[in-house]
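Encoded as structure tokens, the structure appears first; notes follow it.
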Amino acid sequence: MRTSKGIKQKEIYKFIKNQINSKGYPPTIREICKSVGLNSTSTVYNHLKALEKSGFIKRNFDSARSIEVIKDPLNDKKLINVPVINNIKDITSISSLKNAKCSFPLPTDFVENHNKLFILKNTDKSMIDINILDGDFFVIEKTNSVENGDIAIVILTTGTTIIRRFFKENGHIRLQPENSSMKSLIVDDCKIIGKLVGYYRAYR
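Quick note on UniProt numbering: the sequence shown kicks off at 1 and runs consecutively.
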């Protein structure tokens, strides 16, 4: 599960709505590009296509200013503010999650157990083989137990916090990165903080 381009689409939708409300007509593709910091008109076109497919806008291809707002996703969905942790080093225990200085709104139907979620910014390349990149955001469900094969965030006995695929086997725990150039870590014990249930990428 991932929100992927949803952050940029939300930004585009908001700009379109504000332009219509303030000026009485929708923006052009190039005006949208300038507003949201995108250089490619084709990228904006793809975002608009996705918004139209989701039922948020309607376009008339006979005009340059042809975008009509159909519905407001914020009114159609219930949102919950999920705490955001920007540095994995700040996570020293479950209780440390209360120190989050910012939050991000997610639809309550984004995932089950939404009251147990937090968001963590990825700052390494340990998950690159499954297309989770440095700078992406993990959506983590707080839990102290996971199944073999789950991607878990754990605190090692050294106090270091990492996120790896979790395997309990042969009297030890194998913490496996999703990066073929990195080695798995074998440990006797670790403290599970949560498991990965989704991620999103902010397109700039």
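Glycine included, C-beta positions come from ideal geometry on N, C-alpha and C.
### Query
Looking at the structure shown, is asparagine 115 part of a helix, part of a strand, or coil, going by DSSP?
helix
### Task
Could you check what DSSP says for glutamate 68 in three-state terms: helix, strand or coil?
strand
### Task
Let me know the secondary structure DSSP gives tyrosine 25 once reduced to three states.
coil
### Ordered list of beta strand (DSSP E) runs contained in the UniProt domain "Peptidase S24/S26A/S26B/S26C" (94-197), each at least 3 residues
Runs found: 102-107, 117-121, 137-142, 151-156, 161-169, 172-176, 185-187.
### Query
Taking just the CA atoms, how far does asparagine 18 sit from serine 51?
It should be noted that the sequence gives leucine, not serine, for residue 51. So the two alpha carbons sit approximately 16 Å from each other.
### Task
Determine the closest residue to glycine 149 out of Arg165, Ser126, Met127, Thr161, with distance taken between C-alpha atoms.
Arg165
### Query
How about valine 146 and cysteine 190: do their beta carbons lie closer than 7 Å?
The answer is no: Cβ separation not under 7 Å.
### Query
So, using beta-carbon positions, are lysine 78 and threonine 43 closer together than 7 Å?
no
#### Entry: Residues of its chain near arginine 30, where Cβ-Cβ distance is below 7 Å and the 5 sequence neighbours each way are ignored
The residues are Thr41.
### Message
With three or more beta-carbon pairs closer than 8 Å as the criterion, would you say the segment 90-97 touches the segment 122-135?
### Response
no
### Query
What residue does the beta strand (DSSP E) around asparagine 81 start on, and which one ends it?
Here the beta strand (DSSP E) through asparagine 81 covers 79-85.
#### Entry: Helix, strand or coil at isoleucine 12 [DSSP, three-state]
Of the three classes helix, strand and coil, the one that applies to isoleucine 12 here is helix, per DSSP.
### Query
Thinking C-beta only, is glutamate 68 closer than 7 Å to asparagine 113?
no
### Cβ-based neighbour list, asparagine 99, same chain, cut-off 8 Å, excluding 5 preceding and 5 following
Asp90
### Task
Count the other CB atoms, across all protein chains shown, that sit within 10 Å of the CB of threonine 161; report buried if there are 16 or more and exposed otherwise.
buried
### Task
Using beta-carbon positions only, say whether asparagine 170 and lysine 121 come within less than 7 Å of one another.
Not closer than 7 Å, so no.
### Query
Does the separation of the CB atoms of phenylalanine 118 and tyrosine 199 fall below 7 Å?
No, the pair does not count as a contact, with Cβ atoms beyond the cut-off.
### Query
Whose C-alpha, out of Ile88, Phe15, Gly37, is nearest the C-alpha of glycine 159?
Ile88
### Query
Helix, strand or coil: which one does DSSP assign to isoleucine 57?
strand
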